[in-house]
């Protein structure tokens, strides 16, 4: 246990709530602030992508004993269901028994706040933080940016306030603060596949459904109530774009042509399409993440990534795991805790940002490509035979807690090997032969 | 002439003042705001790098008839004087008659404000702009960020307020605004070489002086009064760093060892070193640069670069040249003027950012490298013989007004050729022979 401090966590999202539980466990007084109303008291829908909890997320939850409470609201998905225009393919995510878990963001957030309150954290909703005095850990709170502000002094402030963090905003105005935000020319929109009348799922419940179409794609993840939360990713402008679909007729014709098997399961397609907002996708990087022993950023506030690897929440939760490791190691020396935390996490945050950016291409284009599916088969066959020699990239990211930097580097190396293997003569017929196996073994030796 | 508008220019620096002259010429009412006092009334020194005006800068000045007034305060530099620890080399910048021009920033800024006032622009100093309403071109002005603000409505606002622009700051808070700021782990400090008692220069007046030492370097540019403004570029931390030089003795020992021939010409070395601030170096990129027909960023406010190519001011002035071209083309259609301006300039701003970043290595390391000097000699010999086939990168950037993007791309191609040429057997002895000439001709054909 550490010397008890008075700590503010700004942001009551997933990372803020879980961090509050960890800090309570260490004996601190914890106040969590959020500019929005209590998510448990409002209708939260229409603008989110379902979460895919994987190894790193579970590790952080289990580390403070709340994993099982979350497992109750999670649905395992052990494979991709790839909806081509004329057929349906399946592709396992990992080995037998390995799954990622679909969870609705709203449901999980409500649960996490309950758990944090039970642990003793105090929540203050509809409290707008406009500024922070970095060297004093003082929050400036008020109704409007230009109106009266109240000051609240803490021993330490965590900024868990997401990609558009106000806490980071203040840090950004210091000299030597590196920062970037880059938006994709693509947005996303939530659509809904309702449950059957008997509350069963209209599509395979234990699959991550993808309709890969190159420049755009549709995905669907299951919910507990039998529904699926769908997300359409598409460019803002151009031939197949949000801008090009301006009325009911166009939307329906677009889906009939490009996602024919989705039509019967999305009954309120046009309503969803025009009622739900089109959201943006941003990659945000910055450094440093901390200020002395007073301020630390965590989660999306210091590394917002695009959602194509399903690792945003997992990476944010892993920040907490690493922070907690540093607390175990350095105790009350918060300056060292913070500096070791940011030094450890920054390269990994950059690596998962890169992997996530690249993965749009894999999801939207490669999953529809025969050559890519062949590559995955070869990798799987080899990995089954030599599990010590080949862990596929997806598994390194999703089913392990080894650093993201390692996954990125080894993944790139494996890719150079697979490119050479795919150039082998008649690879389509010999892919499962000892010739290919030996070729891979030989190429691995060159590392 | 356009329909007269009421236009605010935020920032009375070099770009803001020159832009004001252009806008007055078009018949607009022009108000220039600056948060600082009038530079003509204060002592401005100790924290700047002398400017190197080159082709793009002169073109913008001559375009509005003020080039000759500026030539009066400029000193031509036709070569690099490269101070190695034990000898002095010279290297011409271009062809006979081609020079870059040393100008003190303070002197030029004062002159530009005089010229803009003469053209009819009105200046408002010590006026702090805290915010701008983008869709109404309204400035919010006040003593402090949290105090009372006054509103000033314009037809159009230009943000010429530098790398830490408040106008951009507001644009940054919009969705889909891409932004990055990256600081080098290196800073700079101004030092001074005073004039001789008879007001002559202590070093060759028409040279850009460099002391290249790898990780750090010293430069010196001439002033009209016989002095030189020196700039020391060095890492903040590490073995040879600002942090490592903490007292008078250390500074003097460092200079004696590493810049021996500078000792006798910098009499107040330690005073300058400890009195002058250590400044940071940032690369800032963003997009978009404009908002509808109301707001446009220009100069460092939308593309701050590191100073190693001497192109910061030149690129900012070229923004004005391009903006003016668009005005000639599209008249009162400011929406199109702005959008064509940003589309034309953005890739070029990115290209000069990249070239400037790379050029630290050229200045600090390569100028001390025999192989690099040989490469320059080969390029020069070939270029003299085939001026239509080979314009060196430095000349493309400095002595032409062709796009920076083109300079970057062709420069990279030329580099691949020179790498191959430098690998030729006995290149040190045959560099001026027809064998080498033919090799280059042959490699150029492969383009």
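Residue numbers (this note's numbering), protein chains in the order written: chain A, 176 to 622; chain B, 176 to 622.
C-beta atoms are modelled at their ideal positions from N, C-alpha and C, and glycine is treated no differently.
Going straight from the alpha carbon of residue i to that of residue j, what length do you get?
{"i": "residue 266/B", "j": "residue 552/B", "result": "9 angstroms"}
{"i": "residue 246/A", "j": "residue 463/B", "result": "44 angstroms"}
{"i": "residue 328/A", "j": "residue 306/A", "result": "12 angstroms"}
{"i": "residue 469/A", "j": "residue 312/A", "result": "6 angstroms"}
{"i": "residue 426/A", "j": "residue 538/A", "result": "22 angstroms"}
{"i": "residue 632/B", "j": "residue 178/B", "result": "With chain B covering 176 to 622 only, the question about residue 632/B has no answer from this structure."}
{"i": "residue 421/A", "j": "residue 314/A", "result": "44 angstroms"}
{"i": "residue 616/B", "j": "residue 561/B", "result": "10 angstroms"}
{"i": "residue 452/A", "j": "residue 364/A", "result": "6 angstroms"}
{"i": "residue 609/A", "j": "residue 568/A", "result": "23 angstroms"}
{"i": "residue 210/B", "j": "residue 461/B", "result": "23 angstroms"}
{"i": "residue 448/A", "j": "residue 259/A", "result": "22 angstroms"}
{"i": "residue 523/A", "j": "residue 480/B", "result": "28 angstroms"}
{"i": "residue 466/A", "j": "residue 496/B", "result": "43 angstroms"}
{"i": "residue 605/B", "j": "residue 557/B", "result": "13 angstroms"}
{"i": "residue 358/A", "j": "residue 235/A", "result": "29 angstroms"}
{"i": "residue 505/A", "j": "residue 250/A", "result": "37 angstroms"}
{"i": "residue 356/A", "j": "residue 450/B", "result": "37 angstroms"}
{"i": "residue 436/B", "j": "residue 261/B", "result": "9 angstroms"}
{"i": "residue 473/A", "j": "residue 380/B", "result": "54 angstroms"}
{"i": "residue 607/A", "j": "residue 613/A", "result": "11 angstroms"}
{"i": "residue 362/B", "j": "residue 407/B", "result": "8 angstroms"}
Quick one: what does DSSP say residue i is sitting in, helix, strand or coil?
{"i": "residue 201/B", "result": "coil"}
{"i": "residue 261/B", "result": "coil"}
{"i": "residue 318/B", "result": "coil"}
{"i": "residue 534/B", "result": "helix"}
{"i": "residue 386/B", "result": "strand"}
{"i": "residue 406/A", "result": "strand"}
{"i": "residue 599/B", "result": "coil"}
{"i": "residue 235/A", "result": "helix"}
{"i": "residue 285/A", "result": "helix"}
{"i": "residue 575/A", "result": "coil"}
{"i": "residue 435/A", "result": "helix"}
{"i": "residue 372/A", "result": "coil"}
Shorter than 7 angstroms from the beta carbon of residue i to some beta carbon of chain A?
{"i": "residue 340/B", "result": "no"}
Does any CB atom of chain B fall closer than 7 angstroms to the CB of residue i?
{"i": "residue 353/A", "result": "yes"}
{"i": "residue 350/A", "result": "yes"}
Thinking just about the alpha-carbon of each residue, which of the options is nearest to the one in residue i?
{"i": "residue 597/B", "options": "579/B, 582/B, 618/B and 577/B", "result": "618/B"}
{"i": "residue 573/A", "options": "223/A, 274/A, 482/A and 216/A", "result": "274/A"}
{"i": "residue 257/A", "options": "235/A, 533/A and 394/A", "result": "394/A"}
{"i": "residue 206/A", "options": "310/A, 399/A, 613/A and 296/A", "result": "296/A"}
{"i": "residue 204/A", "options": "338/A, 194/A, 305/A and 580/A", "result": "194/A"}
{"i": "residue 301/A", "options": "583/A, 218/A and 187/A", "result": "187/A"}
{"i": "residue 489/B", "options": "213/B, 228/B and 215/B", "result": "228/B"}
{"i": "residue 502/A", "options": "376/A, 198/A, 449/A and 189/A", "result": "198/A"}
{"i": "residue 281/B", "options": "238/B, 467/B and 215/B", "result": "215/B"}
{"i": "residue 352/A", "options": "405/B, 457/B and 475/B", "result": "457/B"}
{"i": "residue 405/B", "options": "356/B, 424/B and 444/B", "result": "444/B"}
{"i": "residue 382/A", "options": "522/A, 184/A, 555/A and 264/A", "result": "264/A"}
{"i": "residue 483/A", "options": "439/A, 528/A, 304/A and 543/A", "result": "528/A"}
{"i": "residue 433/B", "options": "390/B, 271/B and 412/B", "result": "390/B"}
{"i": "residue 392/B", "options": "278/B, 417/B and 517/B", "result": "417/B"}
{"i": "residue 581/A", "options": "356/A, 595/A, 396/A and 519/A", "result": "519/A"}
{"i": "residue 248/A", "options": "303/A, 401/A, 435/A and 255/A", "result": "401/A"}
{"i": "residue 585/A", "options": "614/A, 546/A and 530/A", "result": "530/A"}
{"i": "residue 477/A", "options": "176/A, 217/A and 333/A", "result": "333/A"}
{"i": "residue 376/B", "options": "399/B, 602/B and 455/B", "result": "399/B"}
{"i": "residue 512/A", "options": "521/A, 498/A and 208/A", "result": "498/A"}
{"i": "residue 217/B", "options": "201/B, 233/B and 284/B", "result": "284/B"}
{"i": "residue 268/A", "options": "601/A, 621/A, 373/A and 570/A", "result": "570/A"}
Identify each residue in the region 356 to 373 of chain B for which the Cβ-Cβ distance to at least one residue of chain A is less than 7 angstroms, and report them in chain order. Look at the region 356 to 373 of chain B: the residues with a C-beta under 7 angstroms from a C-beta of chain A are 356, 357 and 358.
Which residues of the region 426 to 457 of chain A have a Cβ closer than 8 angstroms to any Cβ of chain B? Give them in chain order. 455
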